[in-house]
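Novice:
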Amino acid sequence: MSRAFFTHPAHNCAVFEPSAAAVLAEIAQINDYFAVGTGPVDGGWRPLAQLYTDHAMLHGVIARVQTHVRAPERRVAASIFFLGFAARLWSIGLGAVVGHGLLPDFAADRLLFRETGGRIALHIAHPVGRRGDDLELRLADAVLDGHLTPLGTALQPISRELLCGNAASALLGAARQYDHHRATTSPGPGRRLARSLCDDERLSGAMVFGDAGYRRSSCCLYYSTADGGLCGDCVFEQTPRALGRKDAS
15 MSRAFFTHPA
25 HNCAVFEPSA
35 AAVLAEIAQI
45 NDYFAVGTGP
55 VDGGWRPLAQ
65 LYTDHAMLHG
75 VIARVQTHVR
85 APERRVAASI
95 FFLGFAARLW
105 SIGLGAVVGH
115 GLLPDFAADR
125 LLFRETGGRI
135 ALHIAHPVGR
145 RGDDLELRLA
155 DAVLDGHLTP
165 LGTALQPISR
175 ELLCGNAASA
185 LLGAARQYDH
195 HRATTSPGPG
205 RRLARSLCDD
215 ERLSGAMVFG
225 DAGYRRSSCC
235 LYYSTADGGL
245 CGDCVFEQTP
255 RALGRKDAS
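15 is the number of the first residue of the sequence shown in my numbering; add one for each residue after it.
This is how it looks when you write it as structure tokens:
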């Protein structure tokens, strides 16, 4: 995945307001994907920016994911990690934007992480956020440009289409979980925002929408793990017979 994959022009900064801690605490009640800790931290926490640049550290995380899910190849573990990590980021941003009209600042140098056995915990020591009429695009920039582009680059070589599909699938999954928790009518506010973001040029072609729902145009490879199967939005209707099949990536 090249740097151009999720690139988008920068935007002017807005005024921050220190109300993000309460917002993050509220959305953390939805489920673990929406959870991010706040406040002072002890040792063991590192900026996410380090994960994107320290290849030995990232390799260790992926190796532990591979062991945990019993994946046959590193690229399978890398894809699963990317998918779950993208879901965490989208959940935090989408929950705050849709539910509270506030976008927390979770830039890679502010958002801290701690990893155990391939599982990531997230934390922001001093959370702040911004309000405005352009939060939808700012959310896309924060997740795609700020995190998923450098992570995807660090995970090379891996299919651009696969990672783009993972990013879009994670976004729609986060929206589904948000709307389900809020018991909103369909389509709920989370789904409407996610659907709009999927039209962003940086996610172009990742999803095919229809009257019955949506499908990816790629596969995340989860089916190839020991306990895996096809995801609900998978491009395949039946499990591919061979992991090395070209259109599976």
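All C-beta atoms, glycine included, are put in the ideal place defined by N, C-alpha and C.
Between D119 and S183, is the Cβ-Cβ spacing less than 8 angstroms?
Specialist: Here the question's residue 119 lines up with position 105 in the sequence shown. Here the question's residue 183 lines up with position 169 in the sequence shown. No.
Novice: Between Y236, P61, T239 and D193, which lies nearest to I44 when the distance is taken from Cα to Cα?
Specialist: Here residue 44 corresponds to residue number 30 of the sequence shown, with the count starting at 1. Closest option to I44, Cα to Cα, is D193.
Novice: Tell me whether A197 is buried or exposed, calling it buried when 16 or more other Cβ atoms sit within 10 Å of its Cβ.
Specialist: Within the sequence shown, residue 197 is the residue found at index 183, counting from 1. That one is exposed.
Novice: Tell me, please, whether the stretch 203 to 214 touches the stretch 230 to 244 by the rule of three or more beta-carbon pairs shorter than 8 angstroms.
Specialist: The answer is no - the stretch 230 to 244 does not touch the stretch 203 to 214, with fewer than three Cβ pairs under 8 angstroms.
Novice: Can you list, in chain order, the residues of its chain with a C-beta nearer than 6 angstroms to that of T90? Leave out the 5 residues immediately preceding and following it.
Specialist: Locating residue 90 in the sequence shown gives position 76, where the first residue counts as 1. Checking the sequence, you will find Val at residue 90 rather than Thr. Once the five neighbours on either side are set aside, the close Cβ partners of V90 are L235 and S238.
Novice: Tell whether a beta-carbon distance below 8 angstroms holds between I172 and S93.
Specialist: Along the sequence shown, read from residue 1 onward, the residue named residue 172 stands at position 158. Along the sequence shown, read from residue 1 onward, the residue named residue 93 stands at position 79. In this structure, S93 lies closer than 8 angstroms to I172 by Cβ.
Novice: Any idea what DSSP makes of G179, helix, strand or coil?
Specialist: One-based indexing of the sequence shown puts residue 179 at position 165. G179: helix per DSSP, three-state reduction.
Novice: If you draw a straight line from the C-alpha of L327 to the C-alpha of T199, how long is it?
Specialist: Examination of residue 327 is not possible in this model, given that the chain is present from 15 through 263 alone.
Novice: Using a Cβ-Cβ cut-off of 6 angstroms (strictly less than) and excluding sequence neighbours within five positions of D123, which residues of its own chain qualify?
Specialist: The residue given as residue 123 occupies position 109 in the sequence shown. Same-chain partners within the cutoff: P61 and A63.
Novice: Check whether the Cβ atoms of L185 and C212 lie closer than 8 angstroms to each other.
Specialist: In the sequence shown, residue 185 corresponds to position 171, counting from 1. In the sequence shown, residue 212 corresponds to position 198, counting from 1. Contact: yes.
Novice: Could you compute how far the alpha carbon of M15 sits from the alpha carbon of L162?
Specialist: Stepping through the sequence shown from its first residue, residue 15 is reached at position 1. Stepping through the sequence shown from its first residue, residue 162 is reached at position 148. Note that M15 has pLDDT 38, beneath the 50 cutoff, so the model's placement of it is unreliable and no number is given.
Novice: Is G107 closer than 8 angstroms to L165 when the C-beta atoms are compared?
Specialist: To locate residue 165, count along the sequence shown from 1; it is residue 151. To locate residue 107, count along the sequence shown from 1; it is residue 93. It is not a contact, given that the beta carbons lie outside the stated cut-off.
Novice: So does the stretch 218 to 232 actually touch the stretch 65 to 77, counting three or more Cβ pairs closer than 8 angstroms?
Specialist: No, the stretch 218 to 232 is not in contact with the stretch 65 to 77.
Novice: Quick check on this structure: which residue in R190, E215, P203 and R144 has the alpha carbon closest to the alpha carbon of C178?
Specialist: The residue given as residue 178 occupies position 164 in the sequence shown. When each option's Cα is compared against that of C178, the closest is E215.
Novice: With R84 as the anchor, note down where its alpha helix (DSSP H) starts and where it stops.
Specialist: The count along the sequence shown starts at 1 and reaches residue 84 at position 70. From DSSP, R84 is part of no alpha helix (DSSP H); its letter is neither H nor E.
Novice: For F96 and G219, I'd like the C-alpha separation in whole angstroms.
Specialist: Your numbering for residue 96 matches position 82 in the sequence shown. Your numbering for residue 219 matches position 205 in the sequence shown. Whole-angstrom Cα-Cα distance: 18 angstroms.
Novice: Please return the same chain residues whose Cβ sits closer than 7 angstroms to the Cβ of V55, not counting the five positions on each side in sequence.
Specialist: The residue given as residue 55 occupies position 41 in the sequence shown. If we look at V55 and ignore the five residues flanking it on each side, its Cβ neighbours are L126, H137 and A139.
Novice: When DSSP labels each residue in this structure, what does H140 get in the three-state scheme?
Specialist: For this step, residue 140 is matched to residue 126 along the sequence shown. Of the three classes helix, strand and coil, the one that applies to H140 here is coil, per DSSP.
Novice: With distances taken from CA atoms, which of D147, L169, P203 and A240 is nearest T67?
Specialist: The count along the sequence shown starts at 1 and reaches residue 67 at position 53. The shortest Cα separation from T67 among D147, L169, P203 and A240 belongs to L169.
Novice: Quick check on this structure: which residue in T253, G187, E251 and G242 has the alpha carbon closest to the alpha carbon of G98?
Specialist: Here residue 98 refers to the residue found at position 84 when the sequence shown is read from its first residue. Measuring from the Cα of G98, the nearest candidate turns out to be G187.
Novice: Nearest-angstrom Cα distance between G109 and G202?
Specialist: The residue you call residue 109 lines up with position 95 of the sequence shown. The residue you call residue 202 lines up with position 188 of the sequence shown. Those two C-alpha atoms are separated by around 12 angstroms.
Novice: Can you tell me where the beta strand (DSSP E) with V222 in it begins and where it stops?
Specialist: Position 208 of the sequence shown holds residue 222. First-last of the beta strand (DSSP E) with V222: M221 to G224.
Novice: In chain order, which continuous runs of the alpha helix (DSSP H) of length 4 or greater are located wholly inside the stretch 92 to 158?
Specialist: Runs of the alpha helix (DSSP H) inside the stretch 92 to 158: 149 to 154.
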